[in-house]
């Protein structure tokens with residue numbers, strides 16, 4: 456922690472800060488420069504972080520030196536985390552994981568049709584929403600528990616890992632009883648109670664980045680889950696909100712190498728929500744793989760015109776299948792594999 | 456709804472779309488231009504909004520004409536909503552409401568001290584957090600229920616309306632039993648289950664704008680609460696996330712007149728969280744009042760150096776008191792009042 | 456300057472950096488912490504700023520402590536700058552300066568009509584564009600020199616200070632021969648050659664903030680002008696580009712107090728370009744004044760329907776006149792004056 | 456163009472608008488809905504675009520249907536443009552073009568060393584700045600003409616195409632006499648005079664996207680150059696400004712497929728400026744190629760510690776060489792080639 460003082464800071468103000476730092480059991484290093492005095496505090500920053508140093512008289516700004524996250528960091532764990540998703544699938548290793556399926560689960564027949572198609576094309580995780588966060592109260596809100604029953608059935612029969620969103624702390628156990636991966640949606644990335652709750656389960660968690668969240672914010676949210684004892688967290692880059700309006704969100708492709716540098720957790724890309732248009736999904740998927748992601752989550756629908764949500768960004772199975780074969784080549788070119 | 460077709464859209468694609476629109480009971484108006492065919496659909500857009508028209512072959516883009524919100528809109532209700540907050544205080548009229556108090560409730564003595572000071576300066580609502588959404592799992596998370604008991608006690612004895620954040624659907628009834636206004640924090644603005652839950656109460660709700668949420672998104676979240684039967688919603692502009700880093704967030708002052716034009720709901724300004732620095736709070740408060748807001752929510756602490764959260768952005772009572780007297784002049788200059 | 460080393464930085468890497476710092480005539484302070492080594496360099500940062508320390512092996516990040524600007528800073532000059540604009544008008548003092556007029560100069564009669572109206576309402580500077588930066592090559596590009604001749608004539612006869620944009624270094628002398636204030640548009644805020652060129656004149660410069668520029672970037676651009684010997688710079692907040700789309704840009708109202716803290720230069724607000732809609736101009740103008748700005752620049756047109764540019768954001772003279780009388784009250788409430 | 460009227464628009468206001476549209480030689484289609492009246496105007500939008508319809512009484516908003524750009528659009532030219540860069544190199548076809556070299560030209564020996572190294576690794580264009588847009592007036596501003604002489608010499612002897620930035624209209628002819636490609640930097644993307652000036656030359660132009668510019672803004676700037684008669688424009692995605700601060704800018708990878716859909720012009724990626732850190736350059740380069748870009752521009756320096764600018768984001772030749780061989784595989788995986 457570096458405490459930069461105002462040019463006009465008085466001696467007694469400097470002393471007041473030094474006393475405070477010392478009282479916390481830390482050692483202040485004072486450097487008197489020609490233009491500014493700065494106080495460096497070497498040691499565990501956590502103690503100081505909770506002290507509002509910027510509220511102290513004479514302080515101009517406080518600059519943290521260390522990252523605020525611990526368990527998710529590369530320093531805590533050097534090697535990549537390999538997370539077992541069940542049914543013989545794991546993420547974080549050489550092989551990429553592809554999650555695919557409809558935005559919303561609509562009925563059992565359609566789910567099976569789409570599930571079969573994506574599995575045949577090489578997807579190993581079946582996605583499908585049963586609880587849908589919709590901006591309008593008048594939009595379809597998902598089938599709820601009955602949707603999850605369908606997803607479980609499809610996953611079991613097709614031999615696919617399943618993933619679905621949980622939006623409410625009260626549903627965590629129930630959702631966990633049906634699916635293999637609990638998804639935290641971007642709008643809940645900082646719903647800290649929900650994070651604690653999935654952190655208390657043993658289920659892998661797919662944590663989607665919030666639209667206004669930095670990579671570091673995402674890692675802090677993951678830290679909530681790990682600090683609860685659940686180390687099986689998969690991060691997901693799905694676009695951030697910017698001024699650019701030709702896509703629904705702006706896929707922050709740099710988040711992949713940045714996250715890889717800071718953390719041992721696997722990260723996947725959601726090109727469907729980032730783009731908001733199916734036509735952009737193939738190129739963004741390839742970009743994600745080339746940039747080093749550990750998997751993809753792609754919306755696929757066999758009748759997009761009839762989809763109750765996100766029809767405009769869903770690939771039809773034929774296009775998904777074509778994309779999968781193209782992705783194999785891209786994955787190979789960067790030393791990765793797709794089954 | 457305007458459906459713009461691709462230049463190469465075929466006749467059968469056009470017919471397919473027209474059939475769909477007609478089947479929904481709506482009337483399409485086809486206009487053949489030299490460069491594009493467009494199909495205008497006049498009538499209730501809600502029916503069409505849930506149909507993924509962009510997924511139809513031949514469609515280039517779909518442009519909504521009407522706003523997606525109903526109950527919150529000026530068209531639904533022409534005059535400003537006046538919301539009774541209890542204890543003789545209401546918001547949305549000539550008189551501005553000032554909410555003030557510590558970020559977190561820390562102990563009963565401090566809360567009373569701060570409460571007395573802000574009341575004396577003219578604040579009519581006492582704020583204080585008992586459930587704190589913190590980016591780090593290692594930070595102080597609030598006193599919970601015992602904090603709310605303190606807040607109720609202070610509010611009752613000081614004759615002040617109280618406001619505190621509720622973060623979890625399971626806590627809504629409990630929090631509602633202690634406070635006068637339920638606050639939905641910016642990170643929960645799109646926690647739709649929570650919105651439904653506060654929508655089912657009779658308590659006034661303070662809805663803070665999300666950091667990546669547009670004014671329209673905020674109004675859609677308010678629509679959730681109103682559609683649940685609770686029309687007592689107070690909006691709050693507290694800054695959005697942008698590239699500018701000299702403030703914690705960027706206070707979107709234009710959101711005040713924009714919201715006033717679109718909606719009948721009152722809107723207040725939170726300069727403390729927008730700025731992240733107490734030194735900027737006075738000027739931003741004055742700007743908010745001059746721009747036409749219906750109130751302010753300001754963090755005040757008598758010992759900012761010891762605050763367990765947000766000390767750097769809290770005004771001390773003396774500065775708050777000075778600000779209040781300055782605000783009276785600004786309010787008067789725009790035809791408003793502060794008690 | 457604080458140099459934070461990677462956890463795995465070797466002793467020889469540390470030595471290499473220390474040698475480099477020492478060779479530059481500076482004194483490094485090495486602090487060995489449990490998790491990181493950091494090297495503090497106290498002294499003039501300029502010398503180090505141009506050395507790419509982040510390219511040195513073992514360096515994790517480099518944190519500047521001092522601001523990179525000098526002449527524009529409050530540290531360089533404590534008191535507010537008062538800039539003489541000629542014709543008895545100055546900016547930066549108690550009295551606010553209001554600049555008003557059409558976006559583009561269209562013809563002499565219209566300019567006089569508008570000029571008379573805004574002067575009568577209390578404006579003391581007449582604005583009008585002769586060189587127009589337009590996003591489309593097919594849009595009206597301005598009358599050029601003949602427009603400036605009209606502006607000079609109007610300014611002289613009406614006794615008003617004049618301001619107009621200069622877009623090209625080759626036009627600086629010519630434009631300066633006609634107008635009292637040279638305007639640098641937001642798209643040219645980082646056209647450094649142009650900045651140097653207006654810095655070489657003696658004319659006051661109105662520097663508009665770029666849409667992707669932070670307050671600090673704006674101050675650095677002002678530094679270009681001051682370092683050229685021209686200290687008469689007026690800053691202008693006119694909105695930054697964000698995801699919010701209900702306004703053309705997002706007026707960063709906090710930029711006013713932030714700039715006032717960092718710099719001695721006056722700053723004005725342009726509500727017309729920020730909002731992009733005339734209906735929002737009055738409230739934003741009041742907010743600007745209440746937040747402490749030194750003036751406003753407002754687009755006014757007597758026949759907005761016929762305006763060749765920006766008609767949708769121009770106030771008609773009646774509305775401008777009403778606004779001016781309202782602004783007098785707001786100005787008075789914060790201890791300022793409007794003539 | 457769709458004109459949406461306010462709910463309260465009067466008949467005479469509607470008539471006034473219809474008269475205006477008709478007077479412009481266009482045909483209005485009025486659709487009376489239950490909630491709004493809308494007026495569709497089919498035909499060339501350019502005529503209407505310059506009329507400030509939003510300034511008309513009764514108008515709520517105006518929605519353009521067509522894109523404002525013409526010559527750069529896919530509708531104007533279906534097939535990809537192939538641009539001849541001289542020395543046997545062209546861009547826009549199967550083969551990717553890799554531009555590499557130092558940020559700034561520092562001296563002839565270093566330029567040759569770097570040039571040789573990047574050529575050997577497979578780069579076909581040598582980059583090097585002689586005019587440098589620097590945010591600080593106190594930073595190194597480039598060698599100017601003598602730098603260009605060095606670049607020409609290096610390009611000729613090494614048989615490489617050359618590219619360098621031109622910042623000032625007065626330098627266009629001079630710079631064009633030394634280099635093969637004129638670069639317009641991101642800060643000058645909307646320096647419309649400069650765009651016109653390079654549009655009047657026959658030289659290929661590398662147009663970098665502005666930090667606050669949408670893809671459509673970039674295409675409008677390209678339209679300036681094409682409308683001047685110069686169709687040899689190469690677009691460049693180099694990151695936009697967002698709240699994310701772990702990279703200097705946010706590389707908008709989606710801009711590649713979006714641009715490809717809208718325009719026939721080639722587009723390259725600049726990972727060095729987007730990331731601001733050399734460690735991220737390889738992954739971003741691969742992502743760009745996988746997403747379908749036509750080339751890359753990468754900063755390479757053999758002594759980054761001594762670079763006068765951008766040392767922290769420059770690859771050393773060994774790393775660049777390794778990257779090139781990896782890129783060959785990625786290019787092949789998406790049906791492209793690198794020499």
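Protein chains in written order, with this note's numbering: chain A, 456 to 794; chain B, 456 to 794; chain C, 456 to 794; chain D, 456 to 794. Glycine included, each C-beta is placed from N, C-alpha and C at the ideal position. Note that the coordinates shown come from a computational prediction; the quantities given were computed from them, not determined experimentally.
{"Item": "How many angstroms separate the CA atom of residue 709(C) from the CA atom of residue 753(D)?", "Value": "37 angstroms"}
{"Item": "Nearest chain C C-beta to residue 712(A) closer than 8 angstroms, yes or no?", "Value": "no"}
{"Item": "For a contact defined as C-beta to C-beta under 7 angstroms, what are the partners of residue 747(B) on chain C?", "Value": "738"}
{"Item": "Taking 8 angstroms as the threshold (C-beta atoms), are residue 670(D) and residue 637(D) in contact?", "Value": "no"}
{"Item": "Anything in the region 461 to 491 of chain A with a Cβ closer than 8 angstroms to a Cβ of chain C? List those residues in chain order, please.", "Value": "462, 484, 486, 487, 488, 489, 490 and 491"}
{"Item": "With a Cβ-Cβ cutoff of 8 angstroms, do residue 559(C) and residue 599(C) count as a contact?", "Value": "no"}
{"Item": "Using DSSP bridges, identify the partner residues of residue 539(C).", "Value": "545(C)"}
{"Item": "On the CB-based measure, 16 or more other CB atoms within 10 Å of its CB, does residue 524(C) come out buried or exposed?", "Value": "buried"}
{"Item": "Does the distance from the CB of residue 645(D) to the CB of residue 682(D) come in under 8 angstroms?", "Value": "no"}
{"Item": "Using the C-alpha atoms, what's the distance from residue 651(B) back to residue 697(C)?", "Value": "29 angstroms"}
{"Item": "Can you check DSSP and say which residues form a bridge with residue 528(A)?", "Value": "718(A)"}
{"Item": "What number of angstroms, rounded off, separates the C-alpha of residue 503(C) from the C-alpha of residue 763(A)?", "Value": "58 angstroms"}
{"Item": "What residue does the beta strand (DSSP E) around residue 518(C) start on, and which one ends it?", "Value": "514 to 518"}
{"Item": "DSSP has residue 746(D) in a bridge; who is on the other side?", "Value": "Beta-bridge pairing links residue 746(D) to no other residue."}
{"Item": "Could you tell me the alpha carbon to alpha carbon distance between residue 596(B) and residue 635(B), rounded to whole angstroms?", "Value": "22 angstroms"}
{"Item": "To the nearest whole angstrom, what separates the beta carbons of residue 603(D) and residue 630(D), a pair I think is in contact under 8 angstroms?", "Value": "6 angstroms"}
{"Item": "Cβ atoms of residue 590(A) and residue 707(B): under 8 angstroms apart, would you say?", "Value": "no"}
{"Item": "Go ahead and label residue 741(A) buried or exposed: buried means 16 or more other beta carbons lie within 10 angstroms of its beta carbon, across all protein chains shown.", "Value": "buried"}
{"Item": "Could you name the residues of the same chain whose beta carbon sits closer than 6 angstroms to that of residue 516(C), not counting the 5 residues immediately before and after it, in chain order?", "Value": "459"}
{"Item": "Determine the burial state of residue 531(A): buried for a count of at least 16 other Cβ atoms within 10 Å of its Cβ, exposed for fewer.", "Value": "exposed"}
{"Item": "In the structure shown, what three-state DSSP assignment does residue 554(A) receive?", "Value": "strand"}
{"Item": "For the putative contact between residue 577(A) and residue 553(A), defined by C-beta atoms under 8 angstroms, what is the C-beta separation to the nearest angstrom?", "Value": "6 angstroms"}
{"Item": "Taking only heavy atoms of the ligand ADP into account, decide whether any of them is closer than 7 angstroms to the Cβ of residue 585(D).", "Value": "Among the ligands in the structure shown, none appear at all, so the ligand ADP cannot be discussed."}
{"Item": "Drop a sphere of 10 angstroms on the beta-carbon of residue 643(C), count the other beta-carbons inside from all chains shown, and report buried for 16 or more, exposed for fewer.", "Value": "buried"}
{"Item": "Suppose contacts are defined by Cβ-Cβ distances below 8 angstroms. Is residue 693(D) in contact with residue 748(D) by that definition?", "Value": "no"}
{"Item": "Residue 746(D) and residue 711(D) - do their beta-carbons sit closer together than 8 angstroms?", "Value": "yes"}
{"Item": "Between residue 553(C) and chain B, is any beta-carbon pair separated by less than 8 angstroms?", "Value": "no"}
{"Item": "Around the Cβ of residue 556(C), are there at least 16 other Cβ atoms within 10 angstroms (buried) or fewer (exposed)?", "Value": "buried"}
{"Item": "Look up residue 707(B) in the DSSP assignment and give the residues it is bridged to.", "Value": "707(C)"}
{"Item": "Roughly how many angstroms lie between the CA atoms of residue 501(B) and residue 611(A), to the nearest whole one?", "Value": "37 angstroms"}
{"Item": "Cβ atoms of residue 527(D) and residue 580(D): under 8 angstroms apart, would you say?", "Value": "no"}
{"Item": "Could you tell me which chain D residues have their CB closer than 8 angstroms to the CB of residue 789(A), listed as they occur along the chain?", "Value": "741, 781, 784 and 785"}
{"Item": "Among 784(A), 772(A), 593(A) and 668(A), whose alpha-carbon lies nearest the alpha-carbon of residue 701(D)?", "Value": "668(A)"}
{"Item": "Got a sec? Which residues, its chain only, sit under 8 angstroms from residue 574(A) by beta carbon, not counting five neighbours each side?", "Value": "581, 613, 614 and 615"}
{"Item": "Can a CB atom of chain B be found closer than 8 angstroms to the CB of residue 709(C)?", "Value": "yes"}
{"Item": "Express the C-alpha separation of residue 622(A) and residue 533(A) in angstroms, rounding to a whole number.", "Value": "32 angstroms"}
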